[in-house]
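Peer 1: Sending over a structure as structure tokens; questions will come in a sec.
In my numbering, the protein residues as written are 2 to 293.
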């Protein structure tokens, strides 16, 4: 659906009007339904502290650090702001089904993700204001953070109680992302076409952000012979950001060009997602020698 949205958006120019509003509404719907998979019950921060800090260090330390490095290297202020927003947002909600598919500790992923989303209410505006070159108004960031993060969290608690939500969750999220990507890709068609050199550099950075960084973390954790659930957690939390939230927040606060790092990174995250089962298939066959 994301790939289809990219093709339709770039081919048609997206919607004739209201792209910002359409992207916001569709993201709120997608995040609300996706978050119904996560429960906040029986979470003990003290009991889960070590695992949470591990996920936090990988996502907001390693992955956000890479995004901020790309931001500092970018001469274009809008592109720089786009990388900063990516660094500020929490992990993708998809880390839960990805963890389940890779036979990791799904409960651990759910709890860490839930805590990171609550923490994101503070970190999103804090990191964005600290590192963007064109300072946004704190009121704008506060409103967007509440709309795109807090509202889905609260609304998903009520939606979880509705019978049959689990059966339609995947469809609603997929369709919502289709319209979201159509709106954003259409709005960014002009800078995409007019700046092929920019897209080439972003593609190299996005490849490094996903394949190089994710592969390096995978190799280190594999070499240290950590338990499988820890290896899976390290891989997913160091690889995936909520790029839907990133594109909408960047679009609403900084404009269409600031969404380009997220649009390009989205393609590489999908490719990386396809590569992960192959990595873990090889990992089951090969066993590293213990570190000396």
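Every residue gets a Cβ at the ideal spot worked out from N, C-alpha and C, and that includes glycine.
Bear in mind the structure is a predicted one, so any value in this text is a computation, not a measurement.
Tell me where the alpha helix (DSSP H) around residue 128 begins and ends.
Peer 2: 107-132
Peer 1: Output the distance between the C-alpha atoms of residue 58 and residue 191, rounded to the nearest integer angstrom.
Peer 2: 37 Å
Peer 1: Quick check on this structure: which residue in 23, 232, 167, 187 has the alpha carbon closest to the alpha carbon of residue 257?
Peer 2: Looking at the Cα atoms, 187 is the closest of the given residues.
Peer 1: Can you tell me which residues form a DSSP beta bridge with residue 92?
Peer 2: Bridge partners of residue 92: 242.
Peer 1: How is residue 63 classed by DSSP in three states: helix, strand or coil?
Peer 2: In the displayed model, residue 63 falls within a helix according to three-state DSSP.
Peer 1: To the nearest angstrom, report how far apart residue 147 and residue 119 are at their CA atoms.
Peer 2: Straight-line measurement puts the Cα of residue 119 at about 11 Å from the Cα of residue 147.
Peer 1: Taking the alpha-carbon positions, what's the residue 220 to residue 213 distance?
Peer 2: Across the structure, residue 220 and residue 213 are spaced so that their CA atoms are roughly 10 Å apart.
Peer 1: Evaluate contact between the region 14-21 and the region 85-97, counting only Cβ atoms and requiring at least three cross-stretch pairs below 8 Å.
Peer 2: Contact between the region 14-21 and the region 85-97 is absent, because fewer than three Cβ pairs lie under 8 Å.
Peer 1: Go ahead and pull the three-state DSSP assignment for residue 206.
Peer 2: Residue state, collapsed to three classes: helix.
Peer 1: Unbroken alpha helix (DSSP H) runs of length 4 or more, entirely within the region 177-207: which are they?
Peer 2: 190-195
Peer 1: Which residue from 278, 185, 206, 195 puts its Cα closest to that of residue 294?
Peer 2: Nothing can be reported for residue 294: it is not among the residues displayed for the chain, which extend from 2 to 293.
Peer 1: What are the complete alpha helix (DSSP H) segments, minimum 4 residues, inside the region 2-28?
Peer 2: 3-13
Peer 1: Mind checking residue 99: buried by the 16 CB within 10 Å criterion, or exposed?
Peer 2: With 16 or more Cβ atoms within 10 Å of its Cβ, residue 99 is classed as buried.
Peer 1: For a quick check, are the C-beta atoms of residue 29 and residue 127 less than 8 Å apart?
Peer 2: no
Peer 1: Could you spell out the range, first to last residue, of the alpha helix (DSSP H) harbouring residue 156?
Peer 2: 152-160
Peer 1: For the putative contact between residue 27 and residue 180, defined by C-beta atoms under 8 Å, what is the C-beta separation to the nearest angstrom?
Peer 2: 5 Å
Peer 1: Can you give me the Cβ contacts of residue 246 inside the same chain, cut-off strictly under 6 Å, excluding the 5 residues immediately before and after it?
Peer 2: 90, 149
Peer 1: What does the alpha-carbon distance come out to for the pair residue 66 and residue 102?
Peer 2: 27 Å
Peer 1: Determine the extent of the alpha helix (DSSP H) in which residue 57 is found, giving its start and end residues.
Peer 2: Residue 57 -> alpha helix (DSSP H) spans 50-57.
Peer 1: Within its chain, find whatever has a CB closer than 6 Å to the CB of residue 207; leave out the 5 residues flanking it on each side and keep chain order.
Peer 2: 265, 266, 269
Peer 1: Three Cβ pairs or more, each shorter than 8 Å: is that satisfied between the region 71-91 and the region 237-244?
Peer 2: yes
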